[in-house]
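Read top to bottom, the protein sequences are chains A and B.
Going left to right, the first sequence walks through residues 1 to 234 as the working numbering numbers them.
Going left to right, the second sequence walks through residues 1001 to 1234 as the working numbering numbers them.
We put the beta carbon where it would ideally sit given N, CA and C, even for glycine.
What follows is a short report on a single structure.
Protein chains: 2
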Amino acid sequence: MMKYRVVADQLLEEIAHGKYKNENRLPTEEELITEYGVSRNTLRNAIDVLVDKSILYRVQGSGIYIRKPIYQDTITINSIRGFKEEFKNKKIHSKIITLEQGIADEKISKRLQCELGTPIYFINRIRYVEDKPFSIEYSYFNKDVIPYIGKEIAEDSIYNYIENDLKLTIGFADKYIFVEKLSKINSEYLELEEADPSMVIEETVFLSNGKVFNHSTVIHHYKQAKFFALAKNW
Amino acid sequence: MMKYRVVADQLLEEIAHGKYKNENRLPTEEELITEYGVSRNTLRNAIDVLVDKSILYRVQGSGIYIRKPIYQDTITINSIRGFKEEFKNKKIHSKIITLEQGIADEKISKRLQCELGTPIYFINRIRYVEDKPFSIEYSYFNKDVIPYIGKEIAEDSIYNYIENDLKLTIGFADKYIFVEKLSKINSEYLELEEADPSMVIEETVFLSNGKVFNHSTVIHHYKQAKFFALAKNW
DNA sequence: TTGGATTTGTGCGTATGTATA
DNA sequence: CTATACATACGCACAAATCCA
Chain A
1 MMKYRVVADQ
11 LLEEIAHGKY
21 KNENRLPTEE
31 ELITEYGVSR
41 NTLRNAIDVL
51 VDKSILYRVQ
61 GSGIYIRKPI
71 YQDTITINSI
81 RGFKEEFKNK
91 KIHSKIITLE
101 QGIADEKISK
111 RLQCELGTPI
121 YFINRIRYVE
131 DKPFSIEYSY
141 FNKDVIPYIG
151 KEIAEDSIYN
161 YIENDLKLTI
171 GFADKYIFVE
181 KLSKINSEYL
191 ELEEADPSMV
201 IEETVFLSNG
211 KVFNHSTVIH
221 HYKQAKFFAL
231 AKNW
Chain B
1001 MMKYRVVADQ
1011 LLEEIAHGKY
1021 KNENRLPTEE
1031 ELITEYGVSR
1041 NTLRNAIDVL
1051 VDKSILYRVQ
1061 GSGIYIRKPI
1071 YQDTITINSI
1081 RGFKEEFKNK
1091 KIHSKIITLE
1101 QGIADEKISK
1111 RLQCELGTPI
1121 YFINRIRYVE
1131 DKPFSIEYSY
1141 FNKDVIPYIG
1151 KEIAEDSIYN
1161 YIENDLKLTI
1171 GFADKYIFVE
1181 KLSKINSEYL
1191 ELEEADPSMV
1201 IEETVFLSNG
1211 KVFNHSTVIH
1221 HYKQAKFFAL
1231 AKNW
């Protein structure tokens, strides 16, 4: 495990366990360097991780501060695995509507950035949080990259399977976000009315080598799903 | 201007002007270091900027690649000034409904993370893109931080004024994103029907020193407003 | 108000690790 | 297996913003 990740994890743990609960400022870089026995670069890389996660923020000339989380029960939109992360303490399960193999037509090949006719998996599942319908997922996987997906995997976590069993490294994802009125069929899945609002997220997910392995369209229950994002001033 | 920003800007310019249009891979770090006459750290900082902007991605052992932008006419959710950035080539203007001073009540003081009774500005404006209603903004500013906002500023760009005239540095923003049915009054502003969908973004905006200066609730036209976000696999 | 001390930001150099080709 | 190319890690110097006496 990389040193800066160890430091980031440990710092996060300590913050979560209230080590700095009386002051909202972290020790100085110099002190943390001594405490963790790492170089300045390594420490700064660790801090970067927690800044990106909106746990900390830095003020030049002043110090590193702990942010007060305002929003709860929100999916982090800048994270690939925001769903699992957010609801890890809640009961979540998936109901599979469709799980089938096929080949990429023009639309799918464009979205998966693969050749026409590439073998694919198509999965349609409904995700529940605390037994209430949360979202509907229409998902395509490139079978050349992910050779097998079974019912037991799709009911559990496909991403865990990809990282832990296939030992692939997920890199980043593009998300396209908009609002739409629900179709009749989707409103029934979500136990809402036709034409009720819904938040739609289309995501294209890349391995760390830049290859697209998944494209999903996820339609969210407008009363259940709330999102959080951190914006930077580039 | 910091070196790494100069390099990032120049690289971006060259990419935009098609310098690398025939290959989707950038020269190696070593070559770019020579080309721009900077150190490895500086070059990597520059690349980091463009990776965060989802212009580039890196593959260890392979190279730095240019991403093909898929989505157009989207507001970048990870950017504080996504609106202006995206529509800089379009006609945009704002209609001010309300612009008044007041003091922070309990709700506002919580959102602006300031004392009860702090002087504030409240601004309600409708923003138009190509003369079509795009969003409604309900915005509070801490007057201790932003001492004056006039009609002419609110009609133009408050953020430009803050950065260019007040010389303050905007740091980061939290965004809380959800979907709601439109109220009657908001539906009229947006020229939609009551109970039509809308994307709501509540943003808390911080200066680079960590002080909150603005809280806004922005209600978007569901047919006009589309968003883009980049997710990382932390 | 000023100026010095503190603290983070930027920049340079170098060596070694690790994934890819 | 080797070479290539990005990732991580160490150390140092100075700049810029903030803090405080």
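Suppose the cutoff is 7 Å on Cβ atoms and the five residues either side in sequence are ignored; what does the same chain contact list for residue i look like?
| i | result |
| --- | --- |
| B/V1038 | K1003, V1007 |
| B/Y1189 | I1126, P1133, I1136 |
| A/Y222 | D196, P197, S198, M199 |
| A/S187 | E193, E194, D196 |
| A/I219 | S135, I136, N186, S198, V200 |
| A/T217 | Y138, V200, E202 |
| A/E191 | P133 |
| B/L1043 | V1007, E1029, L1032, I1033, Y1036 |
| B/L1168 | I1162, L1207 |
Can you tell me the Cα-Cα spacing of residue i and residue j, whole angstroms?
| i | j | result |
| --- | --- | --- |
| A/A229 | A/T76 | 6 Å |
| B/V1200 | B/E1180 | 7 Å |
| B/R1067 | A/I146 | 22 Å |
| A/T98 | A/F122 | 7 Å |
| B/F1206 | B/E1031 | 38 Å |
| A/I96 | A/D156 | 10 Å |
| A/Y161 | B/Y1159 | 45 Å |
| B/L1116 | A/V59 | 25 Å |
| A/E152 | A/S109 | 26 Å |
| A/K53 | A/E13 | 14 Å |
| A/F178 | A/F213 | 22 Å |
| B/N1078 | B/F1172 | 9 Å |
| B/D1131 | B/T1028 | 46 Å |
| B/L1112 | B/V1129 | 28 Å |
| A/S139 | B/E1023 | 31 Å |
| A/M1 | A/D9 | 11 Å |
| A/S208 | B/N1233 | 9 Å |
| B/I1149 | B/K1211 | 18 Å |
| B/I1055 | B/G1102 | 43 Å |
| B/A1046 | A/K184 | 48 Å |
| A/G61 | A/N124 | 51 Å |
| B/D1048 | B/R1005 | 10 Å |
| B/I1015 | A/G18 | 46 Å |
| B/N1164 | B/H1215 | 20 Å |
| B/L1166 | A/N89 | 45 Å |
| A/F141 | B/K1021 | 29 Å |
Go ahead and pull the three-state DSSP assignment for residue i.
| i | result |
| --- | --- |
| A/K3 | helix |
| B/A1008 | helix |
| A/E180 | strand |
| B/Y1159 | helix |
| A/K232 | strand |
| A/A173 | strand |
| B/Y1189 | helix |
| B/I1146 | coil |
| B/I1055 | coil |
| B/E1023 | coil |
| B/E1194 | coil |
Which residues mark the beginning and the end of the alpha helix (DSSP H) in which residue i is found?
| i | result |
| --- | --- |
| A/V49 | 40–52 |
| A/T34 | 29–36 |
With a threshold of 6 Å on Cβ separation, who are the neighbours of residue i within its own chain once the five nearest residues in sequence on each side are excluded?
| i | result |
| --- | --- |
| B/P1069 | none |
| B/G1063 | R1025 |
| B/H1093 | Y1128 |
| A/K175 | I201, E203 |
| B/E1100 | F1122 |
Starting from residue i, trace the beta strand (DSSP E) in both directions and tell me its first and last residue.
| i | result |
| --- | --- |
| B/S1216 | 1212–1221 |
Should residue i be counted as a contact of the ligand NAP given a C-beta to heavy atom distance under 7 Å?
| i | result |
| --- | --- |
| A/E137 | The ligand NAP is absent from the structure shown, which contains no ligand whatsoever. |
Ignore the nearest five residues each way along the sequence and tell me which others in residue i's own chain have a CB closer than 8 Å to its CB.
| i | result |
| --- | --- |
| A/D105 | L116 |
| B/E1000 | Chain B is shown only over 1001 to 1234; residue 1000 of chain B falls outside these bounds and no answer can be derived. |
| A/D144 | C114, T118, P119 |
| A/V51 | Y57, R58 |
| B/A1154 | S1094, I1096, L1099, I1123, R1125 |
* Every unbroken alpha helix (DSSP H) inside the segment 1067–1140 of chain B [4 residues or more] -> 1082–1086, 1106–1111
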